[in-house]
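Q:
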Amino acid sequence: MSAVQKLAGKFIVIEGLEGAGKSTAIQYIQNWLIKQGLVEAQIALTREPGGTTLAEKMREIVKMDVQGEQLADKAELLIMYAARVQLVEHKVKPALADNKVVIGDRHNWSSLAYQGGGRGIDLSLINEIKQVALGDFKADFTLFLDIEPELGLARARGRGELDRIERLAIDFFNRSRAVFQQLVVDEPNSVSIDASQSFNQVEESIHTQLDKWLESLL
Ligand SMILES: Nc1ncnc2c1ncn2[C@@H]1O[C@H](COP(=O)(O)OP(=O)(O)OP(=O)(O)O)[C@@H](O)[C@H]1O
Ligand SMILES: [Mg+2]
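Going by our numbering, the sequence shown opens with residue 248, and the numbers climb by one from there.
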């Protein structure tokens, strides 16, 4: 089977803390796919939370600063899943059914890391909600960009003001990072990339890991 045939209908997800380099890495993944022979029309990009008109509205709610009212942790969790279902049903699944490769900027792991590790919601509860919302749907391959929160935030800060989530303590991000790291250990179809490396080194690491994954596909 050709590389293009092997890759058809695959969902590749990039995960990592703020400023880890996810948006940058999506370019590297696209370059790699094009090297494998795909054309741009065969690649779809999504981001979470968001990615459809209604899911972007839900993203706005999560990022809103409302005086005198805090978004409850479980409300945040459920909005994340509402947005994710909306994206998966309206964008991701149709694109995969159309044999496109979908590259996701964040997916399910972000809820386990942020709402679970960060906010302290029980991971088994999140997994139950995930099962109700999405069933067994999941990424075919997950690249986790691992970075120290301080470095990621410094990179993100270079772009301007921090939002509500970004302003939360470094501790929060360290707990989130620990969950991401454990998820990589538990999921065979995933790898960790050292995101503190230079642009070129990160690109090379990503390409090497994608090559290995492609070889493993039947
Ligand atoms: N390997 C790298 N070395 C140095 N700077 C980098 C590297 N990768 C990305 N950056 C820079 O760090 C900033 C954040 O990168 P990027 O937007 O790709 O991260 P992100 O994970 O998508 O962030 P966010 O979570 O905020 O969407 C950008 O200014 C980007 O140019
Ligand atoms: Mg980004």
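Quick reminder that beta carbons are idealized off the backbone N, C-alpha and C, glycines included. Every value quoted in this text rests on a predicted model; they were computed, and no experiment measured them.
Sorted by chain position, which residues of the same chain lie with C-beta nearer than 7 Å to SER357's C-beta, five sequence neighbours on each side aside?
A: GLU262, GLU295
Q: State yes or no: is the C-beta of ARG402 nearer than 8 Å to some heavy atom of ligand 1?
A: The answer is yes for ARG402.
Q: What would DSSP say about PHE258, mapped onto helix, strand or coil?
A: strand
Q: Given a cut-off of 9 Å on the beta-carbon distance, is the pair TYR275 and VAL449 in contact?
A: Yes; because the gap between Cβ atoms is below 9 Å, this pair is in contact.
Q: When you measure from the CB of GLN449 to every non-hydrogen atom of ligand 1, does any distance come out below 8 Å?
A: Checking the sequence shown, residue 449 turns out to be Val, not Gln. For ligand 1, at least one heavy atom lies less than 8 Å from the Cβ of VAL449.
Q: In chain order, what residues have a CB nearer than 7 Å to some heavy atom of ligand 2?
A: LYS269, SER270, ASP352
Q: Under 8 Å: does the beta carbon of ALA272 sit that close to some heavy atom of ligand 1?
A: Yes.
Q: Quick check on this structure: which residue in ARG422, SER249, ILE259 has the alpha carbon closest to the alpha carbon of GLN456?
A: ILE259
Q: Check whether the Cβ of ALA360 lies closer than 8 Å to any heavy atom of ligand 3, and answer yes or no.
A: Here the bound small molecules are ligand 1 and ligand 2; ligand 3 is not part of this structure.
Q: Does the separation of the CB atoms of TRP460 and VAL432 fall below 9 Å?
A: no
Q: Quick one, are the C-beta atoms of GLY399 and ALA442 less than 9 Å apart?
A: yes
Q: With the cut-off set at 9 Å, would you say ARG402 and GLY256 are in Cβ contact?
A: no
Q: Can we count GLN444 as close to ligand 1, meaning its CB is less than 8 Å from some heavy atom?
A: yes
Q: In angstroms with no decimal places, state the Cα-to-Cα distance between ARG422 and VAL286.
A: The straight-line gap from Cα to Cα measures roughly 39 Å.
Q: So does the segment 330-337 actually touch the segment 289-306, counting three or more Cβ pairs closer than 8 Å?
A: yes
Q: Mind checking GLN362: buried by the 16 CB within 10 Å criterion, or exposed?
A: Around the Cβ of GLN362, a 10 Å sphere holds 16 or more other Cβ atoms; the residue is buried.
Q: Would you call LYS269 buried or exposed, if buried means 16 or more other Cβ atoms sit within 10 Å of its Cβ?
A: buried
Q: With burial defined as no fewer than 16 other Cβ atoms inside 10 Å of the residue's Cβ, what is the status of ALA272: buried or exposed?
A: Taking all protein chains shown into account, ALA272 has 16 or more neighbouring C-beta atoms within 10 Å of its C-beta and is therefore buried.
Q: Grouping DSSP H, G and I as helix and E and B as strand, with all else coil, what is PHE427?
A: Helix at PHE427.
Q: Starting from the C-beta of LYS304, find all residues in its chain whose C-beta is less than 8 Å away, skip the five residues before and the five after it, and write them out in chain order.
A: Spatial neighbours of LYS304 in its own chain (CB-CB distance under 8 Å, excluding positions within 5 residues in sequence) are not present.
Q: Around the C-beta of ILE281, are 16 or more other C-beta atoms found within 10 angstroms, so that it is buried, or is it exposed?
A: exposed
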